[in-house]
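Residue 19 is where the sequence shown starts when you use our numbering, and the numbers rise one by one after that. To start, the structure itself, in structure tokens.
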Amino acid sequence: MKLLAEDINSIFGTVKPPEGMSFGSDDPAQGFSKLISFGIRLFIIGSGLLLLVYLLWGAFDWINSGGEKEKIQKAQSKITNALIGLVIIFVVLSVFNVLVGGMLGIIQVEDDGSWTFSLPTLGE
């Protein structure tokens, strides 16, 4: 039995190109913008949780220092570093919002506070 090239579709089905990153929509640019939005939310949540853990770790070390100056200084430096990290997180997000949102017009803030990304394409 010979296998002809025209019968290949009946065996394997029709081959389609990949659809791209849809994430619930047919437009790949909108899917990519949802991915970026998810990444930013993940960054905020992850950095907030790490900040809380490091802050509590410093507080726990301070409580368990037993009055020793060296342990108190280490605990204070942990708490100070956690607060500096909080400031850095807000600065990074503010600069990102100004550059990408204000200057490039990629981010639009909705009425409910959510962010919508509109990536520029060549057809527009």
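From the three backbone atoms N, C-alpha and C, an ideal C-beta is built for every residue, glycine too. Note that this is a predicted model, so its numbers are computed, not measured.
| Query | Result |
| --- | --- |
| State the Cα-Cα distance for the pair G119 and I90, rounded to the nearest angstrom. | 43 Å |
| In the DSSP assignment, the alpha helix (DSSP H) including T98 goes from what residue to what residue? | 87 to 114 |
| For I125, name the three-state secondary structure that DSSP assigns. | strand |
| In the DSSP assignment, find the beta strand (DSSP E) that holds T134 and state where it starts and stops. | 133 to 135 |
| Would you mind stating whether I107 and S65 have Cβ atoms separated by less than 8 Å? | yes |
| Do A77 and I97 count as a contact pair if the criterion is CB distance below 8 Å? | yes |
| Can you grab the Cα-Cα spacing for the pair V71 / V116, in whole Å? | 29 Å |
| If you reduce the DSSP assignment to three classes, tell me which class G9 lands in. | This structure gives no information on residue 9, because the portion of the chain shown stretches from 19 to 142. |
| Buried or exposed: I125, going by 16 or more other Cβ atoms within 10 Å of its Cβ? | buried |
| Do A100 and W80 come within 8 Å of each other at the CB atom, strictly closer than that value? | no |
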